[in-house]
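> In this note's numbering, each number is its position in the sequence shown, counted from 1, plus 639. If you scroll down you'll find the structure; I have some questions about it.
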Amino acid sequence: MPWPTFSASDDPIDTLVMISRHYGCDADFVLAGGGNTSVKIGDRLFVKASGYPLATLTREGLVELDRTKLSQLLQSD
């Protein structure tokens, strides 16, 4: 399977969705449509939510997290 090409002006979230779909539809890369993908954009982290197959992922299948708050939670007692 050839590597997909993306222009430098693409939105990183759209790029994540395209890469997820590209590999999600190939059984050589995923098991039963599952798997995880994510992208960091500044202080935000976008992660593929459970229940969304990689092959058909849309922006709605991503959960947006605040990296600063996550870091604070991990450091708290």
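For each residue, glycine too, the CB sits at the ideal point set by N, CA and C. This structure is a prediction, so every number in the text was calculated from the model and none was measured.
For the ligand GDP, I want to know if GLN711 counts as a neighbour, meaning its beta carbon is within less than 7 Å of at least one of the ligand's heavy atoms.
In the structure shown, the ligand GDP is absent, as is every other ligand, since no ligand is present at all.
> Note the first and the last residue of the continuous alpha helix (DSSP H) segment covering LEU709.
From DSSP, the alpha helix (DSSP H) with LEU709 extends over 706-714.
> Could you check the C-alpha separation between VAL656 and LEU670 for me, to the nearest Å?
Looking at the two C-alpha atoms, the distance is approximately 18 Å.
> Is GLY663 close to chain B? Criterion is C-beta to C-beta, closer than 8 Å.
In summary, chain B is missing from the structure at hand, where a single protein chain is found.
> Any contact of the region 691-710 with the region 661-681, i.e. 3+ C-beta pairs under 8 Å?
Output reads yes: the region 661-681 touches the region 691-710.
> Please return the same chain residues whose Cβ sits closer than 7 Å to the Cβ of ALA688, not counting the five positions on each side in sequence.
Cβ neighbours of ALA688 beyond the five flanking positions: GLY700, LEU701 and VAL702.
> Which term fits PHE685, buried or exposed, when burial requires 16 or more other beta carbons within 10 angstroms of its beta carbon?
PHE685 comes out buried.
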